[in-house]
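Q: Sending over a structure as structure tokens; questions will come in a sec.
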Amino acid sequence: MGLKEKDNRFSQDDRRFMERALELAAKGRGLVSPNPMVGAVVVRGGKVLGEGYHTRLGEPHAEVEAVRAAGGDIAGATLYVTLEPCNHVGRTPPCTPMLIEQKVARVVVAHADPNPQMAGSSFKMLRRAGIQVDSGLLEKEARRLNESFLCFHEKGRPFMIVKWAMTMDGRIAAMTGQSRWISNELSRNYVHEIRSNVDAVMVGIGTILQDNPMLNVRLDHYHKRQPKRVIVDGNLRIPALAKVLTATAPGDCIIATSDFAPPHKVQRLRDSGHHVEVMRGRRGLIDLRQLITRLMDYDIQSVLCEGGSNMHGSLIGARLVDKVIAFVAPKIVGGDEDKSPIMGWGVQSMQQAPTLEDISIHHFRDDVCIEGYVPNDFQQIPEARTRRQKAAT
């Protein structure tokens, strides 16, 4: 079916109601993972009968909330929903049988659920029940909204974001290594907003030793969940009094180390309630692909990597980065030492450099924030082995 023919299935009203469903879905950001954000609108005769969205993990799904808001009478109505309705029992009952029982006439969906338990099976159930199903409306927008959920199920790993702040001459620190603060307060507040929307924040041990960060969300009146903290520390050099440990609830910190780490330090951290993932290593180096896979066992679908530069280089070199966020401050620090935001990886020519896609640019007073997505064809190139990966030390 061609794009024009596909678009002809949907009216302007269809688009308007799906846009509203996407608006509603976004209200669940940072609250529903590992579930996807979903919004739903019930319409009959051009009139909205009810709206709903998935408000929190374990709470009713968007379709149920919308039907409840409609007072339960939705026979002959159209349901607009941003993701394929579920048909299996999870933390909540399935939605598809409920829609069949309620005798909806049509279901308009942005796209199918990539979860192998689903993958279009609800569409078949609904159609067998005589319900019209149209999928593909505002699919790109809906997929972007749930990019972490989709990456988790389609690529078999968490959605990976790397973030850095640098000066206009491309430095992430002064000659002494001091980096607080390159960006201004508004930029830093935005970083906390980003943290509030991911499942985990990850850094290398060098960042811990240099900056002693807490890696939590510190926004006024913030009461949502805190992201897990992931520390890559091949030789387990993390101090016992590091803020990331002392300011973290037991179980919220994951330290990834190698079998070179002293066993008594591993046990001490575990006794304190922290998770320690021990992996086979070479001279204290950690296989980042193995680590990222293990994070899936914690239901982590999205990771914000905040450094250091060797970590960024290793992740990019391993083709594990989906999105890049760079803050550029109007400062010049100079110096002879290499203080690049990416180290340990590089290209030989501009033709080999990945060009980010879907670029967005924000201004935070004098700072500029550039966000973009790493193209899929770059991610599919095998990892470059020409330069030693240092980030996982």
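Mapping to the numbering used here: the sequence shown position 99 is 83, numbers consecutive.
Think of the CB as a built atom: it goes at the ideal place given N, C-alpha and C, for glycine as much as any other residue.
These figures come from a predicted structure and were not determined experimentally.
Check whether the Cβ atoms of Gly34 and Ala53 sit closer than 7 angstroms, and answer yes or no.
A: Start at 1 with the first residue of the sequence shown, and residue 34 comes out as number 50. Start at 1 with the first residue of the sequence shown, and residue 53 comes out as number 69. Contact flag set, yes.
Q: Drop a sphere of 10 angstroms on the beta-carbon of Pro69, count the other beta-carbons inside from all chains shown, and report buried for 16 or more, exposed for fewer.
A: In the sequence shown, counting from the first residue as 1, residue 69 sits at position 85. Per the 10 Å Cβ criterion, buried.
Q: Could you check the C-alpha separation between Gln210 and Lys108 for me, to the nearest Å?
A: Taking the first residue of the sequence shown as position 1, residue 210 is located at position 226. Taking the first residue of the sequence shown as position 1, residue 108 is located at position 124. Cα-Cα distance, rounded: 39 angstroms.
Q: In chain order, what are the residue ranges of uninterrupted beta strand (DSSP E) at least 3 long that sit wholly in the stretch 260 to 319?
A: Runs found: 286 to 289 and 307 to 313.
Q: According to DSSP, is Ala149 part of a helix, a strand, or is it coil?
A: Position 165 of the sequence shown, counting from 1, holds the residue named residue 149. Here Ala149 sits in strand by DSSP.
Q: Alpha carbon to alpha carbon, what distance is there between Ser119 and Met(-15)?
A: If you number the sequence shown from 1, residue -15 lands on position 1. If you number the sequence shown from 1, residue 119 lands on position 135. Because the pLDDT at Met(-15) is just 42, under 50, the model does not fix this residue reliably, and the point stays unresolved.
Q: Considering Phe348, what are the terminal residues of the beta strand (DSSP E) in which it resides?
A: If you number the sequence shown from 1, residue 348 lands on position 364. From DSSP, the beta strand (DSSP E) with Phe348 extends over Glu341 to Phe348.
Q: State the DSSP-derived secondary structure class of Met448, mapped to helix, strand or coil.
A: No answer is possible for residue 448: the residues shown for the chain start at -15 and end at 377.
Q: Could you say if the stretch 300 to 308 and the stretch 155 to 162 meet the contact criterion of at least three C-beta pairs nearer than 8 angstroms?
A: Verdict: no, contact absent.
Q: Just to confirm, is the Cβ distance from His296 to Ile326 under 7 angstroms?
A: For the purposes of this step, residue 296 is taken as residue 312 along the sequence shown, with counting starting at 1. For the purposes of this step, residue 326 is taken as residue 342 along the sequence shown, with counting starting at 1. Contact: yes.
Q: For Met452, does the three-state DSSP call read helix, strand or coil?
A: Any question about residue 452 goes unanswered here, given that the chain covers just -15 to 377.
Q: Which same chain residues, not among the five before or five after Gly257, have their C-beta less than 7 angstroms away from its C-beta?
A: Within the sequence shown, residue 257 is the residue found at index 273, counting from 1. Excluding sequence neighbours, Gly257 sits near Pro234 and Gly235.
Q: For the stretch 190 to 206 against the stretch 132 to 146, do three or more pairs of beta-carbon atoms, one drawn from each stretch, fall closer than 8 angstroms, so that the two count as touching?
A: At 8 angstroms Cβ cutoff, the stretches do not touch.
Q: What ranges does the alpha helix (DSSP H) occupy inside the stretch 180 to 226, keeping only unbroken runs of at least 4 residues that lie completely in it?
A: List check, alpha helix (DSSP H) in window: 189 to 195.
Q: So if DSSP puts Lys31 in a beta bridge, which residue, or which two residues, is it bridged to?
A: For this step, residue 31 is matched to residue 47 along the sequence shown. BP columns for Lys31 point to Arg28.
Q: When DSSP labels each residue in this structure, what does Phe143 get in the three-state scheme?
A: Position 159 of the sequence shown holds residue 143. Three-state DSSP puts Phe143 in a strand.
Q: In or out: Ile316 buried (at least 16 other Cβ within 10 Å) or exposed?
A: Taking the first residue of the sequence shown as position 1, residue 316 is located at position 332. Flag for Ile316 reads exposed.
Q: With distances taken between CB atoms, is the gap from Ala126 to Thr80 smaller than 7 angstroms?
A: For the purposes of this step, residue 126 is identified with residue 142 of the sequence shown, where counting begins at 1. For the purposes of this step, residue 80 is identified with residue 96 of the sequence shown, where counting begins at 1. The answer is no: Cβ separation not under 7 angstroms.
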